[in-house]
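Q: Counted the way the working numbering counts, the sequence shown spans residues 179 to 423.
Dumping the structure here so I can ask a few things about it.
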Amino acid sequence: MSRILKQLTNWEAWPFKLIYAPLVPVWFWHVLKSRAVWFFTASNPKLTFGGMDGEPKKEMYDLLPAHLYPPTFTVLPSSPFQNVKDQIDQKNIVYPLVVKPEVGCAGVLFRKIDDESELLAYHNKVPVEYIVQQLVLYPMEVSVFYIRHPKHKTGSVTGFLHKIPLNVNGNGFNTLEQLVLLHPKASKRVGELHSKHKENWHKVIAGGQKYMLSHAANHNRGAHFIDLKEHIDARLVSVFDSISL
179 MSRILKQLTN WEAWPFKLIY APLVPVWFWH VLKSRAVWFF TASNPKLTFG
229 GMDGEPKKEM YDLLPAHLYP PTFTVLPSSP FQNVKDQIDQ KNIVYPLVVK
279 PEVGCAGVLF RKIDDESELL AYHNKVPVEY IVQQLVLYPM EVSVFYIRHP
329 KHKTGSVTGF LHKIPLNVNG NGFNTLEQLV LLHPKASKRV GELHSKHKEN
379 WHKVIAGGQK YMLSHAANHN RGAHFIDLKE HIDARLVSVF DSISL
C-alpha cells in the first residue's frame, strides 16, 4: 500500500498523458479566446511552433551568441563520415563528445561518444540529421525558465531547477548491475541500461566513484530535479536580460 501511495504522490512517475491531461481544457479555452490554435507561438515567434514541439535545435543556437554554448555542428545522414571528422577538427572538438537528433524529444538517440569508432557506428545507424557537440563537464546543470515582454527591458525568472542525470555511486563491492537494481529509478530501466553499459555491467564500481548511467538530464531518462526557486534573485534575472535584449 505504501508503494502505491508513493507512486500516486510522486507526479514525476505519472504517465506523460496523465500529467498533461489537465492542460487540455485550458488549451481549448485559449484557442476560443484568441481564435487561433497555435496562439502560444507568439511567445517565441522565431521558433517553429513557438518551441513547443518539432523545432530544430539550430534555430535556438542561431539566436545565441556563440560563446554561450559549446562547439557544435549539424550532420546530414548522407554526409560522408570523413566530412564529419573534418568538422570535428575544424571546431576543435575532442572526445568524449555528444550527439543528438537535430529535431528530438525526451533524450531519444542522445548519446555520449567516447571515440571515433562509436561515432562511426552512430553515423551509420541514425537516419536523421543530427548534432555533434562538445561534451560539457561542469559540476552541475540547471534549467532556467525566463520570460520578458518585448516592450520591457527587464523580464523574470519563473523557474530555476538543478538537473541531476541518472547515476549511481560505487561502494567498492557491488557490481554495476547490483547498483542499478538497488537504485529506485535505474531499476525500472534495467534493459535499456544493460544495453548501454554491457561492457561494465558485471564490474565492481570503486568506492566513491560516480558512474554516469545517462548524460541526458530529463525525466524520460531518469534524471532528478531539485527546485532552486529560493536562489532566484535580481542578479540571475539580469544575466538573462542581457542575453535576451
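All residues carry an ideal CB built from backbone N, CA and C; glycine is no exception.
Because the structure is a prediction, the values reported are computed rather than measured.
#1: Look up Thr219 in the DSSP assignment and say whether it is helix, strand or coil.
#2: May I have a chain-ordered list of the alpha helix (DSSP H) segments no shorter than 4 residues that lie completely inside the stretch 338-383?
#3: Using the rule of at least 16 other Cβ atoms within 10 Å of the residue's Cβ for burial, across every protein chain shown, is Tyr198 buried or exposed?
#4: Using the C-alpha atoms, what's the distance from Thr226 back to Trp216?
#5: How far does the alpha helix (DSSP H) with Met238 in it extend, from its first residue to its last?
#6: Can you tell me which of the three DSSP states Arg289 falls into?
#7: Taking just the CA atoms, how far does His375 sit from Gln387?
#8: Report the option in Val346, Ala394 and Gly400 whose CA atom is closest to the CA atom of Asn378.
#9: Suppose you measure from the CA of Ile383 to the CA of Lys278; what does that come to, to the nearest Å?
#10: With a threshold of 16 other CB atoms inside 10 Å of the CB of Ser392, please say whether the residue is buried or exposed.
#11: Thinking C-alpha only, which one of Glu280, Val368 and Ile291 is nearest Ile271?
#12: Buried or exposed, going by whether 16 or more other CB atoms sit within 10 Å of the CB of Ile309?
#13: How would you write the range of the alpha helix (DSSP H) that Phe194 sits in, first residue to last?
#14: List the whole-angstrom C-beta distance separating Glu280 from Thr252, where the pair is believed to meet the contact cut-off of C-beta under 8 Å.
#15: Could you spell out where the beta strand (DSSP E) holding Ser321 opens and where it closes?
A: Result, derived from the coordinates:
#1: helix
#2: 354-360 and 368-375
#3: exposed
#4: 11 Å
#5: Lys235 to Tyr239
#6: strand
#7: Taking the straight line joining both Cα atoms gives about 16 Å.
#8: The residue with the shortest Cα to Cα distance from Asn378 is Val346.
#9: 28 Å
#10: Classification of Ser392: buried, given that the 10 Å Cβ count is 16 or more.
#11: Ile291
#12: buried
#13: Here the alpha helix (DSSP H) through Phe194 covers Phe194 to Tyr198.
#14: 6 Å
#15: Glu319 to Ile325
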